[in-house]
Amino acid sequence: MEMVLPFVIGSLYAMAIYMLLRRSLVKLLIGLGLLSHASNLLIFTASGLTRFKAPVIPMTAEQLQSPHADPLPQALILTAIVISFGVTAFALALAYRAYRSVNTDDLDQMKSTDA
Amino acid sequence: MLIVAVISGFGLAFLAPTICRFAKQKSGWWLAILPVFLTLYFLTLLPGLASGQIPALSYEWSKELGLTFAFRADGLSLAFALLVSGIGALVAIYASGYFGNKAPIGRFYLWLFFFMASMLGVVFSDNLILLFVFWELTSLSSFMLIGFEQEREEARAAAIQALLVTGSGGLVMLAGFVLLGQIGGTLELSALLLKGESVSTHPLYLAVLILILIGAFTKSAQVPFHFWLPNAMQAPTPVSTYLHAATMVKAGVYLLARLSLVLGGSSFWFWAVGGIGALTMILGGYLAFSQTDLKRYLAYSTISALGSLVMAIGIGSETALKAMVLFLLAHGLYKGTLFLVTGAIDHECKTRDVRELGGLWRSMPYNAAGSTLAALSMAGVPLFFGFVAKEYLYEAAYKVGAFWISLAIIGALLNVFIAFRVGIEPFWLPSQIEVKPSKHVHEAPWSMRIGPLILGGLSLLLGLFPQILGRSIVSSALTAALGRPVEVKLAAWHGVNDIFLLSLLTLGLGVGLFAVRQDLQRIAEKVSLRWGLDGLYKRSLDFLFTLAGFQTRTLQHGYLRYYLITIIVAVVAITAGGLWRWGGGTLPYLSWDIYFYELGIAVIIVLSAFMATLSRSRLGAVAALGVAGYGVASIYLLFGAPDLAMTQFLIESLTVVLFVLAFYHLPNFAQLTPKRERLRDVFIALITGGLMTIFVFVASGIQIHPTISPFFVENSLPLAHGRNIVNVILVDFRGLDTLGEITVLAIAGLGVFALLKLRLDLRTAKGKKSAEEIAKGGDQ
Chain A
1 MEMVLPFVIG SLYAMAIYML LRRSLVKLLI GLGLLSHASN LLIFTASGLT
51 RFKAPVIPMT AEQLQSPHAD PLPQALILTA IVISFGVTAF ALALAYRAYR
101 SVNTDDLDQM KSTDA
Chain B
116 MLIVAVISGF GLAFLAPTIC RFAKQKSGWW LAILPVFLTL YFLTLLPGLA
166 SGQIPALSYE WSKELGLTFA FRADGLSLAF ALLVSGIGAL VAIYASGYFG
216 NKAPIGRFYL WLFFFMASML GVVFSDNLIL LFVFWELTSL SSFMLIGFEQ
266 EREEARAAAI QALLVTGSGG LVMLAGFVLL GQIGGTLELS ALLLKGESVS
316 THPLYLAVLI LILIGAFTKS AQVPFHFWLP NAMQAPTPVS TYLHAATMVK
366 AGVYLLARLS LVLGGSSFWF WAVGGIGALT MILGGYLAFS QTDLKRYLAY
416 STISALGSLV MAIGIGSETA LKAMVLFLLA HGLYKGTLFL VTGAIDHECK
466 TRDVRELGGL WRSMPYNAAG STLAALSMAG VPLFFGFVAK EYLYEAAYKV
516 GAFWISLAII GALLNVFIAF RVGIEPFWLP SQIEVKPSKH VHEAPWSMRI
566 GPLILGGLSL LLGLFPQILG RSIVSSALTA ALGRPVEVKL AAWHGVNDIF
616 LLSLLTLGLG VGLFAVRQDL QRIAEKVSLR WGLDGLYKRS LDFLFTLAGF
666 QTRTLQHGYL RYYLITIIVA VVAITAGGLW RWGGGTLPYL SWDIYFYELG
716 IAVIIVLSAF MATLSRSRLG AVAALGVAGY GVASIYLLFG APDLAMTQFL
766 IESLTVVLFV LAFYHLPNFA QLTPKRERLR DVFIALITGG LMTIFVFVAS
816 GIQIHPTISP FFVENSLPLA HGRNIVNVIL VDFRGLDTLG EITVLAIAGL
866 GVFALLKLRL DLRTAKGKKS AEEIAKGGDQ
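Below, the structure is given as structure tokens:
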């Protein structure tokens, strides 16, 4: 799987960036979602993959048996998932509010609203 | 006590606005108490200097950087300090009469005393960096004072010009100071002065010298930086008197005199300092010819006088430095007087055009007296102080050679002309152009008489009895500047010798020039006398604005996607560069071990992401995004991260719901970008994606630092009593991180709530409406 996931990550990044570069605010938000998937997978893959062996100590044992998945990147990604949810929610509300206020979702037309 | 002398001025500056509120028009008299007191204090220090007692003190500031609050009051410092405090007192008194109750004098006095304290700081500093700080503070207060009448555009422009010229000169000088400090191994002035030998033989000597000279020349308005000084005459006259004639512009002269021991003596010094000084002296006098405004006359003659001071320092002999100290004091006295008188004339007659003024001695007898004394001193008439100073200047130049003495004579000649034009003509001769006086001209109030009378009187008194100064201040100033004990004997009369004959010749020729002044003026009007970097200054300022505008328009264009492109391209370039330098040659061994369902999930993720990108329908895109998220969650599940998978499934579901809710209110997808730009974006996206792929390959095989994961694995159960290590890390080992994360979520939630509930537009509309209704109700 180490040979495949980098391509998956690359494609996710490519599509996220393409969407981020759209003029439509709505598409930008989709891009944001793809970007967070790509970044999480990046951390996950870069730290090494181990099949099925979750870093949980069985009730019968005192120590975790090697090999096992690395718990640290998992903790980081878990935080990242939750934060990106917060960001997405806020961005959606902001987009909604912006659209209600200026009546367009074209970012080029929003650039002069403060004038 | 010395530190009190420096600091108290700042204290008074900040108290001044309050004092002015209570003392009103009498505030000048009250505020002058401190400078008078300071003058007396400085005078009491003089006898001690003769016996070698130099007051000095030093407080630590930053030892590692060699910075100290070090102050030292030797003869050279005191000569300048006496000018600063003495003229400061008279100007403070004068200003309250000058402004009356028409101007915000609280603000004026604030900056005036701020300047006085800074200038005292400059002359008493014994540390180069401290000196620099005070130096820039004087530039700052000069800026505030030139622009005092801030509603006038010319005043603002002149203020900015003075600040830019002297301020940037100061920065150049700072570089010179730092170099000098490194060569000499200390930033203490008094210690540096003993190291003249090691500095002048150092390979960087020339660099240090040029950098410091630029600082001194900009401040003291030497060619080619002289252009700011005439423009600075936009300042109220008390300011011009104090800063731009008597004291601040002499800071450069002070610095050169102070450093001549360590930097002087070389032939470069002689030609650069002496030559520029001589050039400035002559050019200043020459440029004055086409003027008719009294203040501009005085400004150009000040440039000329500064030139002669610098020239004397360049020559550097004992006689030359003696001439420098005497001329410094003489110029302060007579030029101060003439400026003050000009202000009084302006105040009473509402004009400063010399052609419109005449016969004022009847209506303004006190100012006429002060002005006449000062003008005679400036012209170098025997028995006046200016004469004594000029005699020594001639003597110094005479000893160097015929070239220099002829330059000195030309410079002095022009000043005789200006002295008569400014100091004599308005009072004793009829005006050229008859102007109907707008009101009956009468003498200025006492506050505006006392300054000219005292300064003009001193110009005569010190000319008759120069030894008052010779024994005390001139001796100790020379001792400080030359670094060896010097006894000075000054006499008003040297008998008839070559120098005296040259003086008489100068005076005669100058008066002759004055006699044909109207013809000169006609000639000068035809050949407009303008020379300087004023045009270059304007062009470079315009260029700066154009550049800034161009830069802002290019970089701050307001298009989100171009900002993003800039960031992305930069990141890609830097990362690619890094990977390139890393070598990228040795990809880690990667197994082809792969199960078919894993491959299936990977394909699903890519395809659904692709769908999310291409879909024309909003719901389709959101659904595809959700599928991609579930795919990612499945990967987590397969590779030993059940917690991640669980979270991702939950969050993904919630996100999809949120998207659908929000998109319900948002418009349909629109295709806004033309095809060419879309192709460009595809290109950027593909490059970035490709780079990230390579990046992951490389990153998977690298472990630079030992990982800390084993610590968590080993201690999870014994220390934290938890078997799910990911959970333990989140809530225990890195609990504070999680607290931060929760806080972020809470803030995001509050933000969402506020965005959804806030109805700014509606509320203001309602507010207006109800206000209108209330108004209507009131009408009924």
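Line by line, the protein sequences give chains A and B. Quick note: the first sequence uses the numbering used here, first residue 1, plus one each step. Quick note: the second sequence uses the numbering used here, first residue 116, plus one each step. We put the CB at the ideal spot given by N, CA and C, even for glycine. Note that this is a predicted model, so its numbers are computed, not measured.
CA-CA distance, B:ALA534 to B:LEU528, rounds to 10 Å.
If you check the CB distance, B:LEU605 and B:VAL496 do not come in under 9 Å. Interface with chain A (9 Å Cβ-Cβ cutoff): B:PRO821 is excluded. Residue pairing of B:ASP468 in beta bridges, as defined by DSSP: B:ASP408. For B:ALA639, the enclosing alpha helix (DSSP H) begins and ends at 632-641. Taking the Cα positions, B:HIS446 is about 16 Å away from B:GLY585. Distance from the CA atom of B:GLU175 to the CA atom of B:TRP226, rounded to whole angstroms, is 28 Å.
Along the region 728-762 of chain B, going in chain order, the ones with a CB nearer than 8 Å to a CB of chain A are THR728, ARG733, ALA736, VAL737, LEU740, ALA743, GLY744, VAL747, ILE750, TYR751, LEU753, PHE754, GLY755, ALA756, PRO757, ASP758, LEU759, THR762.
By the C-beta criterion, the region 197-206 of chain B is judged to be in contact with the region 154-172 of chain B, since at least 3 inter-stretch pairs fall below 8 Å. Assigned with DSSP and collapsed to three states, A:THR60 falls in coil, not helix or strand. Rounded to the nearest whole angstrom, the CA to CA distance from B:GLY746 to B:LEU180 is 60 Å. Rounded to whole angstroms, the separation of the alpha carbons of B:ILE325 and B:MET493 is 32 Å. Per DSSP, the continuous beta strand (DSSP E) segment holding B:LEU182 begins and ends at 182-187. Here the alpha carbons of B:ALA274 and B:PRO789 stand approximately 51 Å from one another. Here B:LYS410 is buried: its Cβ has 16 or more other Cβ atoms, across all protein chains shown, within 10 Å.
Distance check between B:PHE827 and each of B:GLY837, B:GLN818, B:HIS820 places B:GLY837 closest, using alpha-carbon atoms only. Beta-bridge partners assigned by DSSP to B:ALA171: B:ARG187. Distance from the Cα of B:PRO541 is smallest, within the candidate group B:LEU472, B:PHE518, B:ALA592, for B:LEU472.
Under the Cβ criterion of 9 Å, B:MET426 is not counted among the residues facing chain A. Interface residue (Cβ-Cβ distance to chain A less than 9 Å): B:THR681 is not classified as such. By the Cβ criterion, the region 277-284 of chain B is in contact with the region 329-345 of chain B, since at least three pairs of Cβ atoms, one from each stretch, lie closer than 8 Å. Distances from the alpha-carbon of B:ILE720 to those of B:ALA748, B:LEU787, B:TRP707 put B:ALA748 closest. C-alpha of B:GLY380 to C-alpha of B:ASP241: approximately 22 Å in a straight line.
With a threshold of 9 Å between beta carbons, B:TRP707 makes contact with chain A. Distance from the Cα of A:GLN109 is smallest, within the candidate group B:ILE716, B:LEU675, B:PHE798, B:VAL469, for B:LEU675. Sixteen is the threshold: since fewer than 16 other Cβ atoms of the shown chains lie within 10 Å of the Cβ of B:VAL718, the residue is exposed. Per DSSP, the continuous alpha helix (DSSP H) segment holding B:ALA835 begins and ends at 824-835. Closer than 7 Å at the C-beta level to chain A, one finds these residues of the region 783-798 of chain B: PHE784, ALA785, LEU787, THR788, ASP796, VAL797.
Chain A places no beta carbon closer than 9 Å to that of B:ASP461, leaving this residue out of the contacts. Classified as exposed, B:PRO600 has fewer than 16 neighbouring CB atoms from the shown chains inside 10 Å of its CB.
Comparing alpha-carbon positions, the option among A:PHE44, A:VAL56, A:ILE81 lying closest to A:VAL8 turns out to be A:PHE44.
Residues of chain A with a Cβ closer than 8 Å to the Cβ of B:THR803 are, in chain order, TYR13, ALA14, ILE17. Per DSSP, B:TRP476 is not a residue of any alpha helix (DSSP H), being assigned neither H nor E. The C-alpha of A:SER66 lies about 13 Å from the C-alpha of A:LEU49. It is roughly 29 Å from the alpha-carbon of B:GLN140 to the alpha-carbon of B:LEU158. Taking the Cα positions, B:SER405 is about 18 Å away from B:VAL626.
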